[in-house]
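Below: the structure, in structure tokens.
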Amino acid sequence: MKITRVTAHLLSAKLQEPFAYSRAWYDTRTAMLVEIETDEGHTGWGECYGPARMTQAVVKEIATSLIGCDPLRTEFLWQEIYARYRDHGQKGLLIQGLSGIDIALWDIRGKHFNAPAYQLLGGALRDDVQAYATGLYRRKGGDPLQYLAEEAAGYVEEGFRAMKLKVGFGVAEDVAVTRAVRQAIGPDVALMIDANHAYDAVSAIKLGRLVEDLDISWFEEPVPPEDLAGYKAVKAALTIPIAGGECEFTRQGFREVLTQRAMDILQPDICSAGGLSECKKIADMVMAFGVRTNPHVWGTGIGIAASLQWMATVPSHSPVSLSPTEPLLEFDRTEHPIRQAILTSPIVHRQGRVSIPTGPGLGIDINRDALQDFKIA
Ligand code: CA
Numbered sequence: 001m002k003i004t005r006v007t008a009h010l011l012s013a014k015l016q017e018p019f020a021y022s023r024a025w026y027d028t029r030t031a032m033l034v035e036i037e038t039d040e041g042h043t044g045w046g047e048c049y050g051p052a053r054m055t056q057a058v059v060k061e062i063a064t065s066l067i068g069c070d071p072l073r074t075e076f077l078w079q080e081i082y083a084r085y086r087d088h089g090q091k092g093l094l095i096q097g098l099s100g101i102d103i104a105l106w107d108i109r110g111k112h113f114n115a116p117a118y119q120l121l122g123g124a125l126r127d128d129v130q131a132y133a134t135g136l137y138r139r140k141g142g143d144p145l146q147y148l149a150e151e152a153a154g155y156v157e158e159g160f161r162a163m164k165l166k167v168g169f170g171v172a173e174d175v176a177v178t179r180a181v182r183q184a185i186g187p188d189v190a191l192m193i194d195a196n197h198a199y200d201a202v203s204a205i206k207l208g209r210l211v212e213d214l215d216i217s218w219f220e221e222p223v224p225p226e227d228l229a230g231y232k233a234v235k236a237a238l239t240i241p242i243a244g245g246e247c248e249f250t251r252q253g254f255r256e257v258l259t260q261r262a263m264d265i266l267q268p269d270i271c272s273a274g275g276l277s278e279c280k281k282i283a284d285m286v287m288a289f290g291v292r293t294n295p296h297v298w299g300t301g302i303g304i305a306a307s308l309q310w311m312a313t314v315p316s317h318s319p320v321s322l323s324p325t326e327p328l329l330e331f332d333r334t335e336h337p338i339r340q341a342i343l344t345s346p347i348v349h350r351q352g353r354v355s356i357p358t359g360p361g362l363g364i365d366i367n368r369d370a371l372q373d374f375k376i377a
């Protein structure tokens with residue numbers, strides 16, 4: 001089998017209502033999807049996390065060297081691409097482009113062997129996963145104490161047993177909204193907070209201490225990803241577990257996080273940290289260090305499907321327990337017109353749980369009409 005064509009699909013959709021996290025407003029969602037075609041009729045799909053026009057350029061550059069290659073040699077191709085661009089891209093956009101390509105190659109592999117990707121990665125440890133609702137962003141108008149509490153109660157009503165709140169808007173405001181959300185959902189639903197590295201260690205510790213009594217399941221990206229010493233200071237100062245890793249890349253990057261014991265929960269993004277090949281290795285490393293891992297997920301149905309294939313193979317966080325702590329799926333509930341539209345059948349949650357797709361490869365089929373609808377020239 002040979003690769004005959006690589007296409008980098010750039011998609012965009014305007015949002016009905018803009019929303020903000022600690023560092024920016026969104027009024028548009030974009031997606032960068034990778035399609036790899038072969039001479040045997042199998043087509044694989046992948047997705048890149050990151051600035052879509054820039055990852056598109058990366059994939060177009062790498063694509064020229066992929067034509068004629070055997071798509072089943074995923075390990076060889078990963079090493080080749082990484083080595084060729086190593087001097088300029090050990091982290092960031094290059095690895096995000098490589099991730100989308102690697103995921104598409106795993107989709108082809110699954111279709112070739114007529115098996116889901118997880119089967120070829122060692123077989124499933126679970127059929128479905130618990131999802132947590134990612135939402136609770138800021139809006140242009142209204143009182144966040146009120147609309148965030150209402151949104152949070154809505155997730156509980158939908159059946160979610162866990163959700164994540166955006167913080168990083170100033171310590172006093174963060175404490176107020178965290179209290180309001182905890183009050184709205186009651187004591188039995190898990191609540192996480194995510195600062196998107198808006199703080200330094202001093203402010204992060206101050207915030208953490210003020211919400212420590214609210215049973216926070218994790219405090220995500222308290223400080224910038226480069227500041228592992230800051231992570232360690234926050235981790236040492238708080239009883240709240242510290243999470244991060246969506247801005248980290250490859251086994252080399254995660255090696256530093258692990259050897260420095262900078263985080264309690266690692267969150268590689270399959271569409272960013274190096275694809276399924278690399279994230280399987282990262283999961284194995286994480287287990288060896290006795291640390292937890294959950295995927296960061298912010299993409300379309302392709303990214304969600306790839307994350308689910310990976311999660312099928314991630315060991316539980318307490319493997320010998322009768323009540324194991326299983327990895328949690330990040331399930332983005334914010335507006336994203338492209339997310340499910342590009343799939344012929346959407347990936348849905350039922351009472352906060354999501355089934356792992358069992359079809360060949362990523363286990364999804366692409367709706368090409370939707371690709372046309374959202375395509376940007
Ligand atoms: Ca995050």
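Anchor point for the sequence shown: position 195 equals 195 in our numbering, and the numbering is continuous, going up by one each time.
Backbone N, C-alpha and C define an ideal beta-carbon position, used for all residues, glycine too.
Owing to the predicted nature of the structure, the values given are computational and were not obtained by experimental measurement.
Best match in the options for proximity to residue i [C-alpha to C-alpha]
i: residue 299; options: 125, 174, 190 and 330; result: 330
i: residue 253; options: 162, 213 and 286; result: 286
i: residue 335; options: 26, 267, 256 and 48; result: 26
i: residue 277; options: 315, 144 and 101; result: 101
i: residue 420; options: 312, 351 and 1; result: Residue 420 cannot be examined here, being either before or after the span of the chain that is shown, 1 to 377.
i: residue 353; options: 377, 311 and 375; result: 311
i: residue 4; options: 59, 44, 16 and 67; result: 67
i: residue 301; options: 76, 370, 266 and 255; result: 370
i: residue 290; options: 208, 297 and 314; result: 314
i: residue 131; options: 20, 189, 320 and 237; result: 189
i: residue 403; options: 166, 82, 62 and 362; result: What the structure shows of the chain is the stretch from 1 to 377, and residue 403 is not part of that stretch, so it cannot be assessed.
i: residue 213; options: 228, 192 and 231; result: 192
i: residue 228; options: 356, 73 and 256; result: 256
i: residue 215; options: 238, 196, 201 and 107; result: 238
Residue i beta carbon near ligand 1 (any heavy atom closer than 7 Å)
i: residue 194; result: yes
i: residue 246; result: yes
i: residue 220; result: yes
i: residue 336; result: no
i: residue 296; result: yes
Where residue i falls, given that 16 or more other Cβ within 10 Å makes a residue buried
i: residue 31; result: buried
i: residue 87; result: exposed
i: residue 222; result: buried
i: residue 376; result: exposed
i: residue 294; result: buried
i: residue 143; result: exposed
i: residue 162; result: buried
i: residue 104; result: buried
i: residue 64; result: exposed
Residue(s) in a DSSP beta bridge with residue i
i: residue 43; result: 37
i: residue 235; result: Residue 235 pairs with nothing; no bridge assigned.
i: residue 220; result: 194 and 243
i: residue 330; result: 132
i: residue 361; result: 116
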